[in-house]
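What follows is one structure encoded as structure tokens, with my remarks underneath.
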Amino acid sequence: MKCFVLVPGNMVDVAVVGAGQTKYGNHPLGLKGMWAEAAAKAFSSVDGDFDPAAVEEAFIGSLAFGGSQLGNTAALLTEHSGMDGVAVRRVENACASSGFAFRDAWMAIKSGQADVVVAGGIEKMNDLTPERKRYWLGVSGDTEWERLAGLTFPGTYALMARRYFHEFDATHDDLVHVSVKNHLHGSMNADAHIRKEVSFEKAAGGFMVADPLTLYDCCPTSDGASCVVLAADHLAHKFTDTPVWVKGAGAASDNLALHDRPSITQLKATQVASTKAYGMAGLDARQIDVAEVHDCFTIAEVLATEDLGFAQRGEGGRFAREGEGRLNEGATTVNSSGGLKSKGHPLGATGTGQVVEVFKQLRGQVEKDRQVRDAETALTHNVGGSGATCSVHVFGRER
Amino acid sequence: MSTEIWMGYLLHHEPDYTVVQSPFTHRGVRVFGADSDATTLAVAGLLHRLKHDEIPFVSVPDGVDALSLSSATGIPIFEVNDGDESPWEVLMSDEAMVVISKRHASVEIPMMDVEIEVDAEFHEAIEAAWVQELSETHVSQGAYVSRSQYEEAASSRLQLHGQSSGHHVVWPPRFSHVVGGENADGMHLQRRGKVMTWTTLSAAGAPSEFSLRAPVLGGLSTVLLQLEDGPNGVFLMVDDEDAVLAMDAQMELVFRRLYAQEGFVRYGLKARAIHD
Ligand SMILES: CC(C)(COP(=O)(O)OP(=O)(O)OC[C@H]1O[C@@H](n2cnc3c(N)ncnc32)[C@H](O)[C@@H]1OP(=O)(O)O)[C@@H](O)C(=O)NCCC(=O)NCCS
Chain V
43 MKCFVLVPGN MVDVAVVGAG QTKYGNHPLG LKGMWAEAAA KAFSSVDGDF DPAAVEEAFI
103 GSLAFGGSQL GNTAALLTEH SGMDGVAVRR VENACASSGF AFRDAWMAIK SGQADVVVAG
163 GIEKMNDLTP ERKRYWLGVS GDTEWERLAG LTFPGTYALM ARRYFHEFDA THDDLVHVSV
223 KNHLHGSMNA DAHIRKEVSF EKAAGGFMVA DPLTLYDCCP TSDGASCVVL AADHLAHKFT
283 DTPVWVKGAG AASDNLALHD RPSITQLKAT QVASTKAYGM AGLDARQIDV AEVHDCFTIA
343 EVLATEDLGF AQRGEGGRFA REGEGRLNEG ATTVNSSGGL KSKGHPLGAT GTGQVVEVFK
403 QLRGQVEKDR QVRDAETALT HNVGGSGATC SVHVFGRER
Chain Z
56 MSTEIWMGYL LHHEPDYTVV QSPFTHRGVR VFGADSDATT LAVAGLLHRL KHDEIPFVSV
116 PDGVDALSLS SATGIPIFEV NDGDESPWEV LMSDEAMVVI SKRHASVEIP MMDVEIEVDA
176 EFHEAIEAAW VQELSETHVS QGAYVSRSQY EEAASSRLQL HGQSSGHHVV WPPRFSHVVG
236 GENADGMHLQ RRGKVMTWTT LSAAGAPSEF SLRAPVLGGL STVLLQLEDG PNGVFLMVDD
296 EDAVLAMDAQ MELVFRRLYA QEGFVRYGLK ARAIHD
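Sequences listed follow chains V and Z, in order. Per the working numbering: the first sequence = residues 43 to 441. Per the working numbering: the second sequence = residues 56 to 331.
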């Protein structure tokens with residue numbers, strides 16, 4: 043009888059060698075134009091010669107908001123970015139679509155099936171009427187129960203926030219600190235949707251969207267596309283002298299509906315995904331210099347800082363209050379890009395957009411004012427809906 | 056014999072019949088509240104009646120949603136081949152009132168002196184919104200809960216049908232689950248629970264199926280309840296009662312209209328504060 047032994051050490055390592063995105067916000071172009079722009083920026087960011095025709099597999103995350111090209115979205119997009127004929131598919135996991143597209147791309151190389159792979163994401167959100175927009179904003183929650191109880195995501199996260207205030211030493215002021223920080227970071231990011239600082243008073247006094255969450259607790263609805271190029275270790279240095287290595291990856295899922303989870307003040311999917319990613323990378327939370335976390339609502343950042351291990355359970359409010367995630371102030375800078383709150387949240391584009399940010403941070407390529415000093419390691423955290431899906435990646439300058 | 060407030064309605068109980076009326080009036084005429092209709096009144100009346108009588112079948116007039124009524128109460132609808140006559144019937148009137156009666160009982164409509172005069176502008180706006188929402192030609196952007204999806208979940212949505220296995224209760228039921236699943240025992244959960252958290256959504260934050268009514272209502276309030284039997288659920292608050300929400304506050308679940316699409320109403324359970 044033949045015996046096969048899997049030797050993990052023989053597996054390929056995976057590097058990000060190029061990354062680019064459109065500016066997020068109200069983009070003048072539609073799907074094809076936005077994707078073409080993000081892909082062109084990613085391809086031209088590759089330092090060495092790069093031919094898009096060399097891409098073997100492509101994974102594009104999108105909810106297909108608005109439904110204008112719900113089927114075969116990905117094939118349409120690659121046709122507009124010089125990747126004609128590539129094996130491509132749309133990956134859909136709500137707001138975590140491209141976090142999972144990135145994971146699939148990583149696995150394609152890791153498994154030895156491909157050497158050069160593209161992962162990306164896209165969403166066009168602002169060409170819809172307000173009613174149509176509200177319809178599409180609610181399709182990724184539990185439509186049968188939550189939605190018929192009046193909930194879209196601002197409402198779902200509002201339920202979590204109020205419960206969090208009840209269980210722990212935290213108030214809405216702590217959420218305001220998250221908002222002020224992320225607006226500050228985003229104000230320095232040329233690609234951010236909302237590029238303005240807000241004062242504590244202004245952020246505290248926004249109009250109520252879903253009590254206790256106000257306008258300044260919510261991400262905006264953004265158009266945008268993002269794209270990254272991944273390569274196997276034996277090719278990485280052909281493309282660049284400064285690849286960014288994917289050191290760890292983890293993903294998990296949880297009950298779709300909030301009310302089916304035993305606790306609504308933590309995201310189990312984040313905890314499981316990050317434990318796997320840290321384990322694979324051989325790093326822990328204290329060793330992460332830059333973290334792009336999924337702050338679709340300010341309470342989500344508070345929960346993420348705990349679930350990812352930057353703060354102890356129940357300490358996320360204090361972490362925000364004391365400014366530990368502010369640029370170059372604590373051990374880990376949280377959302378140097380401005381996060382979903384200020385950089386924006388074009389649903390399907392967000393996950394790979396986070397990778398664009400950490401790729402640039404680790405290579406010292408962001409605007410000078412918001413460069414994280416001596417950044418060696420980074421993490422991205424992308425959540426689908428209220429925590430039904432989650433994908434976490436850990437990156438490093440060193441292989 | 057006795058008149059009481061029951062599930063948000065005025066209810067008068069006699070040995071052979073029950074009268075259920077809306078507490079609201081408009082220009083001297085009784086009118087339905089913002090999320091009530093003849094079906095919701097009839098369900099409240101039957102659930103009260105079930106405390107006293109066994110009801111093997113009931114017949115309902117046109118204008119009452121038989122499937123939802125039967126799913127919410129567990130009482131089968133009388134079909135002609137079930138026997139000569141239904142032992143119980145639901146009768147409707149022009150005003151916001153229904154009677155649940157034993158067949159051939161002689162019914163006397165009592166005077167019920169609770170009258171809450173509704174704001175005329177609010178009442179007209181909400182009525183107009185329902186008429187528009189119910190129109191077959193109204194193309195709503197609402198989440199599509201098809202008729203078959205509604206019917207499939209009707210007993211868990213309207214009667215809190217769940218599953219139990221040992222000390223574990225699962226609701227809504229699962230097809231396959233470590234605890235519930237198709238082999239677990241069926242059970243009906245109590246329609247009571249306590250508030251774990253809540254929110255009030257502005258009309259701009261509410262899902263599109265509520266876009267005609269949420270601006271009239273001034274937003275929507277949703278509670279996450281821990282039901283007495285254990286599982287959690289999310290529920291809209293009853294539309295026409297102001298509730299001061301608080302952690303651990305006790306709520307009861309009552310049968311009301313949720314929304315309409317393609318000419319048919321989806322009903323569900325909504326929460327109202329227990330005032331005792
Ligand atoms: C918060 C929200 C309801 C605001 O929508 P809105 O009231 O229609 O806002 P508008 O687009 O009309 O913008 C009004 C103003 O507020 C600003 N703005 C919009 N959203 C903002 C936000 N989230 N934070 C700060 N400012 C915001 C706009 O730039 C605009 O400013 P201007 O008047 O100076 O141009 C909407 O952005 C929303 O639904 N966000 C959540 C999206 C979501 O659920 N995503 C999925 C997460 S899982």
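Even glycine gets a Cβ: it sits at the ideal position worked out from N, Cα and C. Predicted model only: the values in this text are computed from it and were never measured.
Can you list, in chain order, the residues of its chain whose CB lies under 8 Å from that of residue i, leaving out five sequence neighbours each side?
{"i": "K402 (chain V)", "result": "A61 and V408"}
{"i": "G183 (chain V)", "result": "R189, L193, T194, F195, T198, L298, A299, G427 and S428"}
{"i": "M152 (chain Z)", "result": "V74, V75, Q76, S77, R85, L96 and I164"}
{"i": "T80 (chain Z)", "result": "V86, E170, I171, E172 and V173"}
Suppose the cutoff is 7 Å on Cβ atoms and the five residues either side in sequence are ignored; what does the same chain contact list for residue i look like?
{"i": "A180 (chain Z)", "result": "V271"}
{"i": "D216 (chain V)", "result": "V344, G359, A362 and R363"}
{"i": "L112 (chain V)", "result": "A106"}
{"i": "V54 (chain V)", "result": "I151, K152, G154, A274 and D275"}
{"i": "W61 (chain Z)", "result": "A99 and H103"}
{"i": "D253 (chain V)", "result": "A200"}
{"i": "R202 (chain Z)", "result": "F319"}
{"i": "G63 (chain Z)", "result": "V293, E296, V309 and R327"}
{"i": "V130 (chain V)", "result": "A100, I102, A116, A117 and T120"}
Cβ of residue i within 8 Å of any heavy atom in ligand 3?
{"i": "S182 (chain V)", "result": "Questions concerning ligand 3 fall outside what the structure shown contains, since the ligands it does hold are ligand 1."}
Name the chain V residues that come within less than 7 Å of residue i, Cβ to Cβ?
{"i": "G323 (chain Z)", "result": "L190"}
{"i": "G288 (chain Z)", "result": "H301"}
{"i": "A208 (chain Z)", "result": "E186"}
{"i": "L313 (chain Z)", "result": "L190"}
{"i": "P165 (chain Z)", "result": "Within 7 Å Cβ-Cβ: nothing; P165 (chain Z) doesn't reach chain V, min ~36 Å."}
Can you pull the chain V neighbours of residue i, defined as C-beta to C-beta under 8 Å?
{"i": "T192 (chain Z)", "result": "In chain order: nothing, as chain V lies at least about 16 Å away."}
{"i": "F265 (chain Z)", "result": "G192"}
{"i": "V200 (chain Z)", "result": "T185, E186 and L190"}
{"i": "Q316 (chain Z)", "result": "By Cβ distance, chain V contributes nothing, its closest Cβ being about 11 Å from Q316 (chain Z), past 8 Å."}
{"i": "Q204 (chain Z)", "result": "E186"}
{"i": "P70 (chain Z)", "result": "What P70 (chain Z) touches in chain V: nothing, since even the nearest Cβ is about 38 Å away."}
{"i": "P270 (chain Z)", "result": "Those within 8 Å of P270 (chain Z) in chain V number zero; the least Cβ separation is about 12 Å."}
Residues in its own chain within less than 6 Å of residue i by CB, not counting five upstream and five downstream?
{"i": "K249 (chain Z)", "result": "Q281, D303 and Q305"}
{"i": "T394 (chain V)", "result": "S140, F144, A161, G162, G163, S268 and V270"}
{"i": "A417 (chain V)", "result": "D331, V332, Q403 and L404"}
{"i": "G381 (chain V)", "result": "N224 and D337"}
{"i": "H69 (chain V)", "result": "M76 and D265"}
{"i": "T115 (chain V)", "result": "S104, A106 and R132"}
{"i": "P116 (chain Z)", "result": "M147"}
{"i": "D71 (chain Z)", "result": "K157 and A160"}
Which chain Z residues are close to residue i, counting only those with a beta carbon under 7 Å from its beta carbon?
{"i": "G197 (chain V)", "result": "T254, L256, G260 and T277"}
{"i": "V270 (chain V)", "result": "Under the 7 Å cutoff, chain Z gives no residues; its nearest Cβ is about 33 Å from V270 (chain V)."}
In chain Z, which residues lie with their C-beta within 8 Å of the C-beta of residue i?
{"i": "R204 (chain V)", "result": "T252, W253 and T254"}
Find the residues of chain V that neighbour residue i, judging by a C-beta separation of less than 9 Å, and give them in chain order.
{"i": "M302 (chain Z)", "result": "R204, R205 and H208"}
{"i": "F230 (chain Z)", "result": "Chain V residues near F230 (chain Z): none, gap ~14 Å exceeds 9 Å."}
{"i": "P111 (chain Z)", "result": "In chain order: nothing, as chain V lies at least about 31 Å away."}
{"i": "P131 (chain Z)", "result": "Ordered by position in chain V, no residue passes the 9 Å Cβ test against P131 (chain Z), which lies about 25 Å from the chain."}
Cβ closer than 9 Å: which chain Z residues qualify as neighbours of residue i?
{"i": "F201 (chain V)", "result": "Position check: residue 201 (chain V) holds Leu in this sequence, whereas Phe was assumed. Result: M251, T252, W253, T254, T277, V278, L279 and V289."}
Spell out whether any CB of chain A is found under 9 Å from the CB atom of residue i.
{"i": "I306 (chain V)", "result": "The question asks about chain A, but that chain is absent: this structure's protein chains are V and Z."}
Quiz item: Quick one: complete beta strand (DSSP E) runs, 3+ long, within the region 303-372 of chain V?
Solution: Correct list: 332-334.
Quiz prompt | Members of the region 235-254 of chain V near chain Z, C-beta cut-off 9 Å | solution = Cβ contacts with chain Z: F249, M250, V251, A252, D253 and P254.
Practice problem: With 7 Å as the C-beta to C-beta threshold (strictly closer), list the residues of the region 149-180 of chain V near chain Z in chain order. | Solution: Of all residues in the region 149-180 of chain V, the ones placed with a Cβ closer than 7 Å to any Cβ belonging to chain Z are E173, R174, R176, Y177 and G180, in chain order.
Practice problem: Let me know the alpha helix (DSSP H) ranges lying completely inside the region 131-187 of chain V, each 4 residues or longer, listed in chain order. | Solution: Segments of the alpha helix (DSSP H) lying fully in the region 131-187 of chain V: 139-152 and 172-179.
Quiz item: Going along the chain, which unbroken runs of the beta strand (DSSP E) with 3 or more residues stay wholly within the region 124-177 of chain Z?
Solution: Listed in chain order, the beta strand (DSSP E) runs fully inside the region 124-177 of chain Z are 143-147 and 152-157, counting runs of at least 3 residues.
Exercise. Go through the region 269-298 of chain Z residue by residue and report every complete run of the alpha helix (DSSP H) that reaches 4 residues or more, in order.
Key: DSSP assignment within the region 269-298 of chain Z yields the following whole alpha helix (DSSP H) runs of 4 residues or more, N-terminal first: 269-272.
Quiz item: Which of the residues in the region 76-101 of chain Z, read from start to end, lie with their CB under 7 Å from any CB of chain V?
Solution: For the region 76-101 of chain Z, which is checked against every Cβ of chain V, not one residue is closer than 7 Å.
Quiz item: Taking any Cβ of chain V, which residues in the region 136-150 of chain Z have a Cβ under 7 Å from it, in chain order?
Solution: Considering only beta carbons, no part of the region 136-150 of chain Z lies closer than 7 Å to chain V.
Quiz item: What are the start and end residues of each continuous beta strand (DSSP E) run of 3 or more residues lying completely inside the region 205-254 of chain Z, in chain order?
Solution: Listed in chain order, they are 216-220, 223-225 and 240-243.
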